[in-house]
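Working notes, structure below.
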Amino acid sequence: MTETDIIKKAKNGDHDALTELVSSYSERIYNLALRILRNREDAEDVLQETFLTVLQKLDTFDGRSNFFTWLYRIATNASLMKLRKKKLVFTELPDSPRHPEEKFVDWSQDPSLNIQNKEVKKIIDESISQLSEIYRTVFILRDIENLSIKDTSKILNITEENVKIRLRRARLFLREKISDYYEGSEVAA
Amino acid sequence: MKSPLHQDVYKQICDFMGEDLDAPACKEVAEHLENCPNCKVVLDTVRKTVTICRENEKKEAIPPDVKNRLYKVLKL
Chain B
228 MTETDIIKKA KNGDHDALTE LVSSYSERIY NLALRILRNR EDAEDVLQET FLTVLQKLDT
288 FDGRSNFFTW LYRIATNASL MKLRKKKLVF TELPDSPRHP EEKFVDWSQD PSLNIQNKEV
348 KKIIDESISQ LSEIYRTVFI LRDIENLSIK DTSKILNITE ENVKIRLRRA RLFLREKISD
408 YYEGSEVAA
Chain V
4 MKSPLHQDVY KQICDFMGED LDAPACKEVA EHLENCPNCK VVLDTVRKTV TICRENEKKE
64 AIPPDVKNRL YKVLKL
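Quick note, the sequences are listed as chains B and V, same order. Quick note: the first sequence uses our numbering, first residue 228, plus one each step. Quick note: the second sequence uses our numbering, first residue 4, plus one each step.
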């Protein structure tokens with residue numbers, strides 16, 4: 228049975244079809260929410276909210292967009308609502324590296340920079356948490372979930388150009404955070 | 004062809020990192036990188052950043068109690 232058939236059955240209230248949809252996508256939705264919100268309880272809330280919305284609005288899904296894109300949009304919006312309620316304060320990100328006149332240190336080939344290194348893992352977790360929602364969602368959808376620029380723009384309802392701008396700033400911000408750590412630890416070593 | 008400035012290279016990072024390699028701007032960036040080690044370091048370290056972040060964000064299985072509560076809420 229194709230996904231279109233399953234969705235059709237689910238729209239008619241078929242219990243098994245609904246279970247199949249939830250079973251197929253719940254892990255991806257849970258992980259998406261966890262990556263955006265960085266908190267397991269919040270991710271569980273978003274998981275439940277997302278599928279409750281799906282059950283309520285499945286009859287409005289007209290099949291013009293991909294079901295996965297539609298579902299991700301619901302989950303991303305639910306995650307964003309939760310993130311906004313926390314009222315965290317974030318700073319705007321620049322378009323280029325700080326101090327571009329300096330010679331940059333190349334740590335791209337250093338094998339010690341991996342997440343088995345607890346300090347590196349901590350830096351990554353903290354740095355992603357410091358990204359404001361508009362940068363974090365783009366970075367998670369494009370670079371972590373590996374979605375295309377096009378799908379990311381559809382899910383977030385922003386232009387592809389805007390996706391690229393946010394993605395560039397998020398990538399450069401995270402790069403600088405790792406650079407700061409690397410250069411600090413290098414000096415200390 | 005006029006070589007792009009460093010700032011322009013940073014602006015093309017997304018396209019250069021696999022989105023639209025055939026775009027004329029990407030070809031200019033490629034030429035610039037051959038002659039600008041500093042910009043090459045930025046690009047290489049951005050790539051490494053994405054790789055490390057991907058490793059960090061490994062997929063987790065849904066805990067059984069979370070799954071049970073989901074099915075209960077959905078009455079499935």
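Note that beta-carbon positions come from the ideal geometry of N, C-alpha and C, so glycine has one too.
Taking DSSP as the reference, what is the three-state secondary structure of residue i?
| i | result |
| --- | --- |
| Thr364/B | helix |
| Cys39/V | coil |
| Ala64/V | coil |
| Asn293/B | coil |
| Asn384/B | coil |
| Met20/V | helix |
| Val49/V | helix |
| Ser359/B | coil |
| Val69/V | helix |
| Val390/B | helix |
| Lys30/V | helix |
| Asn373/B | coil |
| Ala416/B | Confidence at Ala416/B is low in this model, with a pLDDT of 47, below 50, so its placement is unreliable and no value can be given for it. |
| Gly411/B | helix |
| Gln343/B | coil |
| Asp241/B | coil |
| Asn266/B | coil |
In chain V, which residues lie less than 8 angstroms from residue i when you measure between Cβ atoms?
| i | result |
| --- | --- |
| Thr257/B | According to the sequence as given, residue 257/B is Tyr; it is not Thr. Neighbours of Tyr257/B on chain V, chain order: Glu63, Ile65, Val69. |
| Gly232/B | Residue identity differs from the one stated: residue 232/B is Asp in this sequence, not Gly. Those within 8 angstroms of Asp232/B in chain V number zero; the least Cβ separation is about 19 angstroms. |
| Leu282/B | Leu77 |
Go through its chain and collect everything with a Cβ distance to residue i's Cβ below 7 angstroms, but skip five positions before and after it.
| i | result |
| --- | --- |
| Thr364/B | Ile263, Thr303, Leu307, Leu383 |
Using C-beta distances below 8 angstroms, list every residue in its chain close to residue i, excluding the 5 sequence neighbours before and after it, in chain order.
| i | result |
| --- | --- |
| Arg72/V | none |
| Ala416/B | Per-residue confidence for Ala416/B stands at a pLDDT of 47, beneath the threshold of 50, marking its modelled position as unreliable; no derived number is given. |
| Leu77/V | none |
Between which residues of its own chain and residue i is the CB-CB distance below 6 angstroms, once the five residues before and five after are set aside?
| i | result |
| --- | --- |
| Glu182/B | The structure shown does not extend to residue 182/B, since chain B spans only 228 to 416, so no value can be given for it. |
| Arg402/B | none |
| His9/V | Cys42 |
| Val12/V | Val32, His35, Cys42 |
| Tyr299/B | Ile382 |
| Val414/B | Annotation note: pLDDT 49 at Val414/B (below 50); position unreliable, no value reported. |
| Leu310/B | Glu360 |
| Leu245/B | Ala237 |
Would you please state the rounded distance, in angstroms, between the beta carbons of residue i and residue j? I believe it to be under 8 angstroms.
| i | j | result |
| --- | --- | --- |
| Pro324/B | Val45/V | 6 angstroms |
| Val49/V | Leu399/B | 7 angstroms |
| Ile350/B | Ile301/B | Not confirmed; about 32 angstroms, so no contact. |
| Lys14/V | Asp322/B | 7 angstroms |
| Lys238/B | Asp286/B | 5 angstroms |
| Val316/B | Glu410/B | That pair is no contact at about 26 angstroms. |
Mind pulling the chain V residues with CB within less than 9 angstroms of residue i?
| i | result |
| --- | --- |
| Val347/B | Ile55, Asn59 |
Could you list which residues in chain B have their beta carbon closer than 7 angstroms to that of residue i, in chain order?
| i | result |
| --- | --- |
| Asn38/V | In chain order: nothing, as chain B lies at least about 15 angstroms away. |
| Val45/V | Pro324, Phe331 |
By the criterion of Cβ-Cβ separation under 7 angstroms, what are the contact partners of residue i in chain V?
| i | result |
| --- | --- |
| Asn389/B | The premise fails here: Asn389/B is roughly 11 angstroms from chain V at the closest Cβ pair, so nothing lies under 7 angstroms. |
| Tyr245/B | Checking the sequence, you will find Leu at residue 245/B rather than Tyr. Neighbours of Leu245/B on chain V, chain order: Leu79. |
Chain B partners of residue i, CB-CB under 9 angstroms?
| i | result |
| --- | --- |
| Val76/V | Gln275, Phe278, Leu279 |
Residue i touches chain B at which residues, Cβ-Cβ below 8 angstroms?
| i | result |
| --- | --- |
| Val49/V | Arg398, Leu399, Arg402 |
Exercise. Does the pairing of the segment 33 to 40 of chain V with the segment 382 to 390 of chain B give three or more beta-carbon distances under 8 angstroms?
Worked result: no
For this session: May I ask you to verify whether the segment 230 to 241 of chain B touches the segment 333 to 350 of chain B, counting CB pairs closer than 8 angstroms and requiring at least 3?
Result: no
Exercise. Are the segment 366 to 373 of chain B and the segment 53 to 63 of chain V touching, with three or more C-beta to C-beta distances below 8 angstroms?
Worked result: yes
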